[in-house]
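Following: one structure in structure tokens, then a few remarks.
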Amino acid sequence: MLLVILECRDGEIGDADKGILSAANRISTLMGGSWSAALVPGESVVDAAPFAPYGVPTIFVTSGVAEAANSPELQGKLLARLAREQNASLILLPHTDAGATLAPLLAAELDAALFTQATAVRSAQEGLELQHQALGLQIARRRYWDGRRPLVLTMPVKFLSQVVLPSMKPSCPEITVRPADIPELFPRTTIIERIPPDPQTVDVSEAEVIVSAGKGCDPHTFAQVKELARLLNISLGVTRPVYDLGWTGFERMIGQTGRAVAPRLYLALGISGSMHHLGGIKESRRIVAVNSDTKAPIFANADEGFVADLKELLPRLLERVRQTTGGAA
Ligand SMILES: Cc1cc2nc3c(=O)[nH]c(=O)nc-3n(C[C@H](O)[C@H](O)[C@H](O)COP(=O)(O)OP(=O)(O)OC[C@H]3O[C@@H](n4cnc5c(N)ncnc54)[C@H](O)[C@@H]3O)c2cc1C
1242 MLLVILECRD GEIGDADKGI LSAANRISTL MGGSWSAALV PGESVVDAAP
1292 FAPYGVPTIF VTSGVAEAAN SPELQGKLLA RLAREQNASL ILLPHTDAGA
1342 TLAPLLAAEL DAALFTQATA VRSAQEGLEL QHQALGLQIA RRRYWDGRRP
1392 LVLTMPVKFL SQVVLPSMKP SCPEITVRPA DIPELFPRTT IIERIPPDPQ
1442 TVDVSEAEVI VSAGKGCDPH TFAQVKELAR LLNISLGVTR PVYDLGWTGF
1492 ERMIGQTGRA VAPRLYLALG ISGSMHHLGG IKESRRIVAV NSDTKAPIFA
1542 NADEGFVADL KELLPRLLER VRQTTGGAA
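Note that this note's numbering gives residue 1365 to position 124 of the sequence shown, counting from 1, and the numbers run on in steps of one.
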């Protein structure tokens, strides 16, 4: 039996929840068994309709534990208890901050194996084949799970599709509310505040939207790209030649030897599209490229391409952005 853990913060089914529900549906089919979902204790939902397209039969909600919302330890204890009761052999979580915190707690509670950030799960002779990407995205490491011991598995949100495949059978999910039976526990850790990441400082591999500058930028246009990133409050990336010029630190360099990224939007400005750079951006959901050369290889790899000279485009783009943002970010 597979148990998938959902965050559903403030009663909303978020992107990570949708992605992991889609994955859970698919993996449960591979396992040939049943599955259900459980909300992280401290959260609740009243409407089952948004879950229906994902085919989940049951959603467990723990009632009366508002204090659990700030205690991963308590959440781990309560979820482990549920997993035991449901005889769950595979516990699946999205690798969000909450999921990454809960996974080892659950594994310890259940004396289960732990595999984090699986980028692919396939059926294999041995049971399930779990794949993990290492060294940027250059190496695929594989492990096999034969089901003899429970497994706690996390999957990175950026590798999870929120798309509900047509083959999935919609369900009429039943919300099962379980009274909280708070274990005797004095939490050693408590979450006191949730601070959203700052796009200006966040690791580019975690960034949602990236504007990247290539060798097509001179010092002046590069300063304009940085200003664009600041005004739009998005992350800045660069190609290797720009890093080599010393204009940014290594942590901003994207590509085969730099960071691999998977943003919702990747804006490539003055980037030719070498295979070394493309290798690091191929997981981007949408690539928009601007280049003055109609034959630049980046265009063949972009969802949208614009032939333009950055020297002309950037001042106008900045002016437009300043008008809409009021000039400050
Ligand atoms: C082992 C190895 C590893 C590497 N790893 C990486 C890596 O991790 N990341 C990486 O990025 N590179 C890496 N490289 C380098 C890579 O091969 C390319 O040289 C590099 O990606 C090219 O960067 P670029 O597109 O910024 O520059 P260029 O290839 O010089 O392209 C500049 C582009 O800007 C356009 N342009 C010029 N002026 C303007 C203008 N005014 N307006 C609009 N467009 C303009 C040009 O038409 C051109 O297409 C690696 C190379 C090797 C050998």
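For each residue, glycine too, the CB sits at the ideal point set by N, CA and C.
Note that the structure is a prediction, hence the values are computed from the model and not measured.
In this structure the region 1252-1264 touches the region 1393-1404; the number of beta carbon pairs closer than 8 Å is three or more. Apart from the 5 residues on each side of it in sequence, Pro-1298 sits with its Cβ closer than 8 Å to the Cβ of Ser-1275, Trp-1276, Ser-1277, Ser-1412, Pro-1414 and Glu-1415 in its chain, given in chain order.
If you check the CB distance, Gln-1441 and Met-1396 do not come in under 9 Å. Set against 8 Å, the gap from the CB of Pro-1482 to the closest heavy atom of ligand 1 is smaller.
Thr-1342 is the residue among Tyr-1295, Glu-1326 and Thr-1342 whose C-alpha sits nearest the C-alpha of Leu-1315.
For Gln-1374, the enclosing beta strand (DSSP E) begins and ends at 1368-1375. By the criterion of at least three beta-carbon pairs nearer than 8 Å, the region 1502-1513 is in contact with the region 1521-1533. For ligand 1, a non-hydrogen atom lies closer than 8 Å to the CB of His-1517. A buried status is given to Met-1494, since no fewer than 16 other beta-carbon atoms sit within 10 Å of its beta-carbon. In the three-state scheme derived from DSSP, where H, G and I count as helix and E and B as strand, Ile-1332 is classed as strand. A residue is called buried once 16 or more other Cβ atoms fall within 10 Å of its Cβ, and Leu-1243 is buried on that count. Arg-1250: not part of any alpha helix (DSSP H); DSSP gives it neither H nor E. Following the DSSP letters along the chain, one finds Val-1483 inside the alpha helix (DSSP H) bounded by residues 1481-1485. Taking C-alpha positions only, Ala-1321 is separated from Ile-1522 by approximately 38 Å.
Remark: C-beta atoms of Gly-1487 and Val-1502 do not approach each other more closely than 9 Å. A Cβ-Cβ distance of about 3 Å is found for the pair Gly-1455 and Ile-1512, placing them in contact under the 8 Å criterion.
A contact is defined here as three or more CB-CB pairs under 8 Å, and the region 1545-1562 meets this definition with respect to the region 1456-1465.
Ala-1353 and Leu-1392 have their C-alpha atoms roughly 5 Å apart. Nearest to Cys-1458 by alpha-carbon distance, out of Asn-1532, Thr-1360 and His-1517, is Asn-1532. Proximity of the beta carbon of Gly-1455 to ligand 1 is indicated: a heavy atom of the ligand is located closer than 8 Å.
Where Glu-1553 is concerned, the enclosing alpha helix (DSSP H) starts and stops at 1551-1566.
Annotated as proximal: Arg-1383 and Glu-1370, with beta-carbon spacing under 9 Å. Burial state of Lys-1410 is exposed, judged by a 10 Å Cβ sphere holding fewer than 16 other Cβ atoms. One thing to note: Leu-1346 has its Cβ no nearer than 9 Å to the Cβ of Leu-1394. Taking the Cβ of Asn-1542 as the reference point, every heavy atom of ligand 1 lies at 8 Å or farther away. Spatial neighbours of Leu-1351 in its own chain (CB-CB distance under 8 Å, excluding positions within 5 residues in sequence) are listed in chain order as Ala-1321, Ala-1324, Arg-1325, Ile-1332, Pro-1391 and Val-1393.
Short note on Ser-1476: C-beta not closer than 8 Å to any heavy atom of ligand 1. Where Thr-1462 is concerned, there is no enclosing beta strand (DSSP E), although the alpha helix (DSSP H) around it starts and stops at 1460-1473. The beta carbon of Glu-1492 sits closer than 8 Å to those of Asp-1444, Val-1445 and Arg-1500, all from its chain and outside the five residues before and after it, given in chain order.
In the displayed model, Gly-1520 falls within a helix according to three-state DSSP. Setting aside the 5 residues that flank it on each side, Ala-1339 is surrounded in the same chain by Glu-1248, each with a C-beta closer than 6 Å to its C-beta; the list follows chain order. Distances from the CB of Ala-1448 to the heavy atoms of ligand 1 are all 8 Å or more. Close CB contacts of Ala-1344 within its chain, under the 7 Å cut and outside five residues either way in sequence, are with Leu-1334, Leu-1355, Thr-1357, Val-1393 and Thr-1395 (chain order).
Distance from the Cα of Pro-1556 is smallest, within the candidate group Glu-1468, Ala-1381, Gly-1496 and Val-1418, for Glu-1468.
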